[in-house]
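Novice: In short: position in the sequence shown from 1, add 1, done, that's the working numbering. We treat Cβ as the ideally placed atom computed from N, Cα and C, and that holds for glycine. Quick one: this structure, given as structure tokens, is what I'll be asking you about.
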Amino acid sequence: KVGKGNRWATQQNVTSRMGDEKKIETVKLISSDEHTFIIDRKAAMVSGTIKSMLSGPAEFVEKGLGEINFREISTPILEKVIEYFYYKLKHTNSTSEIPEFKIEPEDALKLLMA
2 KVGKGNRWAT QQNVTSRMGD EKKIETVKLI SSDEHTFIID RKAAMVSGTI KSMLSGPAEF
62 VEKGLGEINF REISTPILEK VIEYFYYKLK HTNSTSEIPE FKIEPEDALK LLMA
């Protein structure tokens, strides 16, 4: 997570310690109260909407900037959405038992609206 003051942080290049250098692309997701989350692009692509905005044939402004503003989604709800992206990414094609993704009842409607 990146705090409010670091909104214009640059994308990060991460070097693999296993030999080859690998560029891990990141995406910035910005909540309604301007909290910035920098997440792996692969995790963000779990969302069909975000995937369309970042890689579809249409020319969305977000595609060039690598950041998406969610003016209607609060920080705690966007954080839970991001947690789900990583959960989904980790457990897709898993052969072991998949643990429950816990959602607080008071957040359920907000998450459905996100």
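1. Could you give the first and the last residue of the continuous beta strand (DSSP E) run that contains Asp34?
2. Please state whether DSSP places Thr76 in a helix, a strand or coil.
3. Could you say which of Val82, His92 and Ser97 lies nearest to Met114 if we only look at CA atoms?
4. Quick one, are the C-beta atoms of Ser48 and Ser75 less than 8 Å apart?
5. So who's on the other strand from Asp41, going by DSSP bridges?
6. Once the 5 residues before and after Lys52 are set aside, which same chain residues still bring their CB inside 7 Å of it?
7. Classify Glu1 as helix, strand or coil using the three-state DSSP reduction.
8. According to the neighbour-count rule (16 or more other Cβ atoms, all chains shown, within 10 Å of its Cβ), is Leu110 buried or exposed?
9. Please state the DSSP three-state secondary structure of Ala115.
10. Which residues mark the beginning and the end of the alpha helix (DSSP H) in which Ser1 is found?
11. So, at 7 Å on beta carbons, what are the nonlocal neighbours of Glu90 in its own chain, with the 5 sequence-adjacent residues on each side left out?
Specialist: In this structure, then:
1. Here residue 34 refers to the residue found at position 33 of the sequence shown. Careful: Asp34 lies outside any beta strand (DSSP E) and carries neither H nor E.
2. Taking the first residue of the sequence shown as position 1, residue 76 is located at position 75. In the structure shown, Thr76 sits in a helix (DSSP, three-state: H, G or I).
3. Taking the sequence shown and counting its residues from 1, the one referred to as residue 114 is at position 113. Residue Val82 is the option with its Cα nearest to Met114.
4. Against the sequence shown, residue 48 aligns to sequence position 47. Against the sequence shown, residue 75 aligns to sequence position 74. No, these two residues do not count as a Cβ contact at 8 Å.
5. Stepping through the sequence shown from its first residue, residue 41 is reached at position 40. Bridge partners of Asp41: Thr27.
6. Residue numbering aside, residue 52 sits at position 51 when the sequence shown is read from its first letter. The answer, listed in chain order, is Met46.
7. The first residue shown for the chain is 2 and the last is 115, placing residue 1 beyond what the model contains.
8. Translated into positions along the sequence shown, residue 110 becomes position 109. Under this definition Leu110 is an exposed residue.
9. Taking the sequence shown and counting its residues from 1, one reaches residue 115 at position 114. Residue state, collapsed to three classes: coil.
10. In the structure displayed, the chain extends from 2 to 115; residue 1 sits before or after that span and is not available.
11. Locating residue 90 in the sequence shown gives position 89, where the first residue counts as 1. Note on identity: in this sequence residue 90 is Leu, with Glu being the wrong assignment. Lys43, Ala44 and Val47, listed in sequence order.
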